[in-house]
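Here's the structure, in structure tokens; my notes come after.
Residue numbers (the working numbering), protein chains in the order written: chain A, 1 to 162; chain B, 1 to 458.
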């Protein structure tokens, strides 16, 4: 099920491209689905395919090719920590380990309460800000010392579902 | 308190790494403070004067400090050629020459694309240009479109910088509302539509033909070249693709002249360049300096090597450029020719600094994993080879290396290079070969002693 509000946003994306090239909006539409539902399900791929006049398999190819699409449900907060070399040199790897310890999960896992999913990621394009992590694909948190990581996790836990 | 409020405390809005004031003659990062990105701010810095200058004749618009005669598309391209501007995305191809490849008389639709898919480890300059000076990119794109007779453009923005994408869309709306984008720009007969698109996490989409595939709503897998995008680009139409920083350089060039820009840099490397400095320096960040600035001076701007340690190695142009020992780098100037002569590439200008506590095997291990992860899988040498390289480096780092592994790495790397559709294969192979070439004893020590000769590395 895709909300009417999302369909309006779909149409805004489609309008950017030539009338016979609606499929160009597929990445943006899938991103909107993910923002609304938390992940891209097989059912939503079919709905996006119908909206854009694409084959469902062509949509699935896009979902599986790009790293940021969640193909399964994730925690309320998806934390992506960059550990690539420039970040590794400035404690990116340590930040990931600190979060593993803090959340008591391994990289790739979700906390039992469904609040946090922790992932290692490749270059976020913010190498000078390391340690850096991306929350829910949108919020880039920079210079994340262990103290700040603690504050972030504790702060998000404190607000709960708000 | 809401989750948004919690998260906003950790966004580095006040401490962005281009606001340190230690640039040398900046053009793109000049006078930015984080909040003066709006149209009115940009215009107060002289923004859109270059566009008014070129459109002056056919729009009747004149500004006090510009000529009223306007510029023809040929004149615009001639000035860009004269400036010595080379593509800032990594390849360093002369921009004016690229623009002249666009078939002027082509009757159908043509496209202009800005490549803001900045995912090369070490590179973080375009994000700050788009965030804090988006109109400079927009103005550069409008001028480029005018020069090549293009009516539609897209800026493809790295998926992970979503809020920067939103910022850019806001800037587009400002420009559109002011008559600087859209139909009959500034009352002239020139029209140009600009849209922002965002990626969703694929390093390969920084490669221009992958980017086009992605814009077409497909997997971002590279195309064979030729045909080049100038003749067969987006939707099969003639297309010109430039990097964000390249477009951002254009307004200054048009306002001040090609010779003035060239004079800022060196003969074969005109203008200023933004270098992203990361790793073991005191003050990592983006530094805009004239091309040809000595590396030693750039390092000094970044506060020198961290904690007073010795400089061991530098990756001078993003993770795909071959590593150079610090001693060689200290003799280089930061321009295309000097770095090439030393055996590496200026690339995107991302300088990754490693101090003497760093293990080169461990460093290469992380880079090789990255290329394995990001290979699109289309070409067998890259798909299989990057994984092979990563696994061999991995076992050396973990104390399971064989005496034949160094030759094996060299052999695998050699068999990837030049045998793939795009340059990702080369990008995976070059760091491996350069690391072994310059730091072979460290690799041999690892194999022989099953441990690291630089035990400080964490």
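The beta carbon of each residue, even a glycine, is placed where N, CA and C say it ideally should be.
Counting only residues of its own chain and dropping the five nearest sequence neighbours on each side, residue 318(B) has a CB closer than 6 Å to the CB of 120, 122, 123, 347, 348 and 350.
Its Cα nearest to that of residue 252(B), the residue 30(B) stands out among 30(B), 417(B), 6(B) and 376(B).
DSSP places residue 430(B) in the uninterrupted alpha helix (DSSP H) bounded by 424-449. A contact is defined here as three or more CB-CB pairs under 8 Å, and the stretch 170-186 of chain B meets this definition with respect to the stretch 42-53 of chain B.
Only exposed fits residue 55(A), as fewer than 16 other CB atoms lie within 10 angstroms of its CB. By the beta-carbon neighbour count (other beta carbons within 10 angstroms, threshold 16), residue 197(B) is buried.
The bridge partners DSSP lists for residue 86(B) are 94(B).
Residues of the stretch 354-375 of chain B with a C-beta less than 8 Å from any C-beta of chain A: 354, 358, 363, 366, 367, 370, 373 and 374, listed in chain order. Between residue 81(A) and residue 99(A), the C-beta spacing is below 8 Å.
When Cβ-Cβ separations below 8 Å define contact, residue 140(A) makes contact with chain B. Sequence-distant partners of residue 103(A) (beyond 5 residues in either direction) whose C-beta falls short of 8 Å from its own C-beta, in its chain, are 111, 116, 118 and 153. According to the DSSP assignment, residue 287(B) belongs to the beta strand (DSSP E) that extends over 285-290. Within the stretch 47-85 of chain A, the complete beta strand (DSSP E) runs of at least 3 residues fall at 77-82. A residue is called buried once 16 or more other Cβ atoms fall within 10 Å of its Cβ, and residue 129(A) is buried on that count. One alpha carbon belongs to residue 330(B), the other to residue 440(B), and they sit about 21 Å apart. Residue 27(B) and residue 107(A) have their C-alpha atoms some 42 Å from each other. Taking residue 427(B) as reference, the option from 446(B), 383(B), 396(B) and 237(B) with the minimal CA-CA separation is 383(B). What residue 61(A) touches in chain B, judged by beta-carbon distance under 8 Å, is 218 and 219, going in chain order. Shown here for residue 85(A): not one same chain residue has a beta carbon closer than 6 Å to its own, the five before and five after excluded. At a cut-off of 8 Å between beta-carbon atoms, residue 155(B) makes no contact with chain A. Under the DSSP assignment, residue 118(A) falls in the beta strand (DSSP E) whose first and last residues are 116-121. Rounded to whole angstroms, residue 158(A) and residue 11(B) show a C-alpha spacing of 19 Å.
Looking at the DSSP output, residue 136(A) shares a beta bridge with no other residue. Between residue 452(B) and chain A, the shortest Cβ-Cβ separation is not below 8 Å. Under the three-state reduction of DSSP output, residue 296(B) falls in the helix class. In this structure residue 95(B) is buried. Its beta-carbon is surrounded by 16 or more other beta-carbon atoms within 10 angstroms.
A Cβ-Cβ separation of about 4 Å places residue 114(B) in contact with residue 155(B) under the 8 Å criterion.
Scanning the stretch 389-417 of chain B from its first residue to its last, the whole alpha helix (DSSP H) runs of 4-plus residues come out as 405-416.
Classified as exposed, residue 57(A) has fewer than 16 neighbouring CB atoms from the shown chains inside 10 Å of its CB.
When secondary structure is reduced to three states using DSSP, residue 15(A) falls in the coil class, being assigned neither helix nor strand. Close partners of residue 340(B) in chain A (Cβ separation under 9 Å) are lacking, with about 22 Å as the shortest Cβ gap. Residue contact check for residue 16(A) against chain B: a CB pair falls below 8 Å.
Assignment of residue 269(B) by DSSP, reduced to helix, strand and coil, places it in the strand class. Taking each of 243(B), 301(B) and 237(B) in turn and checking the Cα distance to residue 140(B), the smallest one comes out for 243(B). Annotation for residue 131(B): no beta strand (DSSP E) segment contains it, though the alpha helix (DSSP H) segment containing it runs 126-132.
For residue 94(A), the enclosing alpha helix (DSSP H) has its first and last residue at 92-103.
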